[in-house]
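Have a look at the structure below before the remarks.
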Amino acid sequence: MSFDGMMTRAITKELQAFVGGRINKIHQPFKTELVMTIRAGGKNHSLLASANATFARIHVTEEKYENPSEPPMFCMLLRKHIEGGFISAIEQDGFDRVITFTIANKDELGDRTEKQIIFEIMGRHSNIILIDKKNQVILDSIKHVRFDQSSYRTVGPGQPYKKPPEQDKADPLDATEEDVLRKIDFNAGKLDKQLVQQFAGISPLLANEVLARAKMANRSTLPAAFVQLMQQIKEHDYTPELVRGEKEFFSIISLTHKPGERLTFSSASQLLDRFYYGKAERDRVKQQAYDLERLLKNEYQKNVRKQKKLSQTLREADEAATYQKLGELLTANMYAIKKGDHSIEVVDYYDETGKTIRIELDPQKTASENAQQYFKKYQKAKTARLEVVLQVEKTNEELAYLDSLLQQMDSASSRDVADIRDELAEGGYIRKKQVQGKKKKKQSDKPIVETYRSTTGVEFLVGKNNRQNDYLTNRLARQDEIWLHTKDIPGSHVVIRHTEPDETTLAEAALVAAYYSKARESSSVPVDFTKIRHVKKPSGAKPGYVTYDQQTTLFVTPVEDDVRALRVT
Numbered sequence: 001m002s003f004d005g006m007m008t009r010a011i012t013k014e015l016q017a018f019v020g021g022r023i024n025k026i027h028q029p030f031k032t033e034l035v036m037t038i039r040a041g042g043k044n045h046s047l048l049a050s051a052n053a054t055f056a057r058i059h060v061t062e063e064k065y066e067n068p069s070e071p072p073m074f075c076m077l078l079r080k081h082i083e084g085g086f087i088s089a090i091e092q093d094g095f096d097r098v099i100t101f102t103i104a105n106k107d108e109l110g111d112r113t114e115k116q117i118i119f120e121i122m123g124r125h126s127n128i129i130l131i132d133k134k135n136q137v138i139l140d141s142i143k144h145v146r147f148d149q150s151s152y153r154t155v156g157p158g159q160p161y162k163k164p165p166e167q168d169k170a171d172p173l174d175a176t177e178e179d180v181l182r183k184i185d186f187n188a189g190k191l192d193k194q195l196v197q198q199f200a201g202i203s204p205l206l207a208n209e210v211l212a213r214a215k216m217a218n219r220s221t222l223p224a225a226f227v228q229l230m231q232q233i234k235e236h237d238y239t240p241e242l243v244r245g246e247k248e249f250f251s252i253i254s255l256t257h258k259p260g261e262r263l264t265f266s267s268a269s270q271l272l273d274r275f276y277y278g279k280a281e282r283d284r285v286k287q288q289a290y291d292l293e294r295l296l297k298n299e300y301q302k303n304v305r306k307q308k309k310l311s312q313t314l315r316e317a318d319e320a321a322t323y324q325k326l327g328e329l330l331t332a333n334m335y336a337i338k339k340g341d342h343s344i345e346v347v348d349y350y351d352e353t354g355k356t357i358r359i360e361l362d363p364q365k366t367a368s369e370n371a372q373q374y375f376k377k378y379q380k381a382k383t384a385r386l387e388v389v390l391q392v393e394k395t396n397e398e399l400a401y402l403d404s405l406l407q408q409m410d411s412a413s414s415r416d417v418a419d420i421r422d423e424l425a426e427g428g429y430i431r432k433k434q435v436q437g438k439k440k441k442k443q444s445d446k447p448i449v450e451t452y453r454s455t456t457g458v459e460f461l462v463g464k465n466n467r468q469n470d471y472l473t474n475r476l477a478r479q480d481e482i483w484l485h486t487k488d489i490p491g492s493h494v495v496i497r498h499t500e501p502d503e504t505t506l507a508e509a510a511l512v513a514a515y516y517s518k519a520r521e522s523s524s525v526p527v528d529f530t531k532i533r534h535v536k537k538p539s540g541a542k543p544g545y546v547t548y549d550q551q552t553t554l555f556v557t558p559v560e561d562d563v564r565a566l567r568v569t
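Residue numbers (UniProt numbering): 1 to 569.
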């Protein structure tokens with residue numbers, strides 16, 4: 001995977017359709033990401049730009065993002081200077097991963113102004129910078145860079161804008177076969193690295209594709225393969241492709257050297273939208289919920305250790321029957337016991353072979369007292385066993401509950417994490433955080449469940465956490481609607497808003513139920529379905545827990561693309 005100079009070139013070409021377009025809205029849903037709504041060609045387009053250190057990118061998106069109740073300062077500044085403005089130019093800086101939008105607007109006095117918003121897609125150095133075009137002074141940036149962080153340039157309000165360091169590399173699109181021969185030392189080896197070092201905009205992934213197309217990659221085949229591939233890129237003859245093997249790779253040209261399933265797209269934006277789908281969100285959630293995940297894993301392991309100890313205690317408690325037998329054998333042989341005896345050997349009439357057994361005695365006690373001592377041990381062990389059995393049941397329930405929460409964390413959104421955090425606070429696992437000045441969420445607030453629609457047009461709903469599951473199953477769903485859940489596997493509750501859904505809807509709802517379960521990566525996942533009237537929540541049960549009967553089981557294999565295609569909101 002690589003958002004290299006050539007991918008930047010492809011995206012810049014696509015974005016030319018926005019030149020002359022108007023920036024209608026600007027949102028900053030996350031700390032390092034912007035979403036701009038651009039009106040161009042008679043319709044609205046959503047442009048996503050991210051300066052995330054791991055998932056930096058810019059492309060048109062079909063995804064919907066939740067916006068904070070209060071926009072960050074950088075977002076407010078962008079609204080002030082470029083919202084309502086018209087895009088007069090969109091340019092790539094050479095082969096660098098830098099795209100500049102020039103925007104014409106009017107200031108408070110009605111005078112024409114020109115601002116530039118610069119998207120630098122450079123890994124951990126990525127940034128989004130707003131500058132005044134005339135004097136090239138930075139108005140603000142999504143990330144500030146101090147002098148102690150970079151000796152080359154500082155990035156912040158009032159600073160002159162300085163381009164990222166230039167790299168002295170050749171133009172690959174105008175290179176001839178002779179140019180390639182002059183640049184590459186075939187005796188030095190590591191030809192892929194030499195291509196990256198000598199030519200601008202070339203990533204290791206693209207360099208390895210050149211070598212693969214050159215077959216033996218010698219002086220006669222490599223230059224021809226390089227020039228041919230660059231000519232394809234020069235003419236904007238792209239084949240946006242996602243390759244799924246042990247890892248996922250994306251490229252604007254076909255990656256013949258990467259084995260795996262191949263998905264092609266009509267545009268680079270569609271490719272990037274698909275590749276990054278959920279990845280950046282999962283990364284944000286992982287950071288946001290690190291403490292919760294660690295807590296849940298610790299609690300789970302604590303209960304696993306407790307389960308082992310209880311199993312050992314249960315095995316010891318199973319000796320209760322032995323104490324009872326010894327007491328009865330002593331009672332039957334009292335005549336043979338004298339006070340002061342340390343033990344006695346008697347016939348074990350419980351054993352079919354009639355063998356003898358030696359029973360230890362307390363020499364200070366009479367025969368009757370020794371027998372009673374064993375009966376007391378029997379009663380104590382019996383009582384202890386009942387208690388241990390209850391503890392085992394509670395521990396198993398706790399493990400199932402924690403397992404379900406860990407599964408929910410795997411597919412949780414930021415909103416889902418907030419619900420899980422509230423649930424853990426209410427359950428006493430963590431202390432409830434009170435944020436000063438923040439409106440307290442009402443218990444009566446309705447959870448927001450995700451909506452899906454089958455290819456035959458039937459709507460079904462999905463709960464992503466226990467709060468949503470309880471609301472969906474116990475309050476929102478009607479008695480004759482269809483409820484689905486993975487069989488004996490932690491997962492989401494799914495409700496089809498229909499009393500007699502068709503087979504396609506059942507299969508697709510089951511697919512989504514399997515995807516949002518612990519068996520997401522498995523095949524032939526069993527999914528039960530029944531009517532809501534047959535689903536019950538036991539009194540005092542943990543959040544999200546239900547019992548059900550009169551179910552039918554389907555077997556499905558979840559596929560992420562299929563699930564994504566069914567999602568409405």
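Just so you know, even glycine gets a beta-carbon here, dropped at the ideal spot from N, CA and C.
Integer-rounded CB distance, given that residue j should sit under 8 Å from residue i
| i | j | result |
| --- | --- | --- |
| P223 | L181 | 6 Å |
| T553 | K536 | Actually they do not touch by this definition, with Cβ atoms about 19 Å apart. |
| A371 | T331 | 5 Å |
| T264 | E241 | 5 Å |
Given residue i as reference, the closest of the options once Cα atoms are compared
| i | options | result |
| --- | --- | --- |
| K338 | P363, R415, M122 and L242 | P363 |
| D403 | S311, N469, N303 and H485 | N303 |
| Q479 | L461, K531, L272 and V35 | K531 |
| H493 | N208, G463, T264 and T499 | G463 |
| Q136 | N466, V556, T102 and G85 | T102 |
| Q312 | A541, A384, Y401 and Q408 | A384 |
| R358 | K325, K377 and M409 | K325 |
| K215 | G428, L191, M230 and H236 | L191 |
| V210 | T366, Q228 and T456 | Q228 |
| G21 | F3, G41, M36 and A10 | G41 |
| G354 | M334, L329 and E387 | L329 |
Pair within 8 Å by beta-carbon distance, residue i and residue j
| i | j | result |
| --- | --- | --- |
| residue 600 | P501 | The requested residue 600 does not occur in the structure, where the chain is confined to residues 1 to 569. |
| S50 | E33 | yes |
| V512 | V559 | no |
| I253 | I233 | yes |
| I38 | H45 | yes |
| residue 602 | A200 | There is no way to answer for residue 602, as the model of the chain reaches only from 1 to 569. |
| P538 | D470 | no |
| I23 | I121 | no |
| L77 | D140 | yes |
| I82 | N105 | yes |
| T395 | Q468 | no |
| R97 | T12 | no |
| F18 | I90 | yes |
| A509 | T486 | no |
| S454 | L566 | yes |
| H144 | A212 | no |
| S269 | E14 | yes |
| E397 | T569 | no |
| T113 | D107 | yes |
| L296 | L472 | no |
| V458 | A477 | no |
Opposing strand residues paired with residue i [DSSP bridges]
| i | result |
| --- | --- |
| L554 | V527 |
| M36 | I26 and L47 |
| Y452 | F460 and R567 |
| Q116 | T102 and I131 |
| V60 | L47 |
| H257 | Answer is none; H257 lacks a bridge partner. |
| G491 | S517 |
| P71 | Paired residue(s): none; P71 is not in a bridge. |
| F249 | V243 |
| H485 | D528 |
| T547 | K536 |
| I359 | I344 |
| R262 | V243 |
| V137 | D132 and P160 |
| F86 | R22 and A104 |
| T155 | Note that residue 155 is Val in the sequence shown, not Thr. BP columns for V155 point to V145. |
| Q92 | I99 |
Problem - At least 3 beta-carbon pairs within less than 8 Å: the stretch 331 to 350 vs the stretch 280 to 295 - result: Result no; under three Cβ-Cβ pairs closer than 8 Å.
Exercise for the section: State whether the stretch 524 to 535 contacts the stretch 417 to 436, with contact taken as three or more CB pairs (one from each stretch) at a distance under 8 Å. Expected result: Fewer than three Cβ pairs drawn from the stretch 524 to 535 and the stretch 417 to 436 lie within less than 8 Å of each other, which leaves the two stretches out of contact.
Practice task
Decide yes or no for the touch test of the stretch 207 to 225 against the stretch 105 to 121: beta carbon pairs closer than 8 Å, at least 3 of them.
Solution key: No, the stretch 207 to 225 does not touch the stretch 105 to 121.
Problem - Segment contact flag, the stretch 205 to 217 with the stretch 250 to 265, C-beta cutoff 8 Å, min 3 pairs - result: Touching, per the Cβ criterion.
Practice task
Determine contact between the stretch 380 to 393 and the stretch 502 to 511, defined as no fewer than three beta-carbon pairs at a distance below 8 Å.
Solution key: When Cβ pairs closer than 8 Å are counted between the two stretches, the stretch 380 to 393 is seen not to touch the stretch 502 to 511, the count staying below three.
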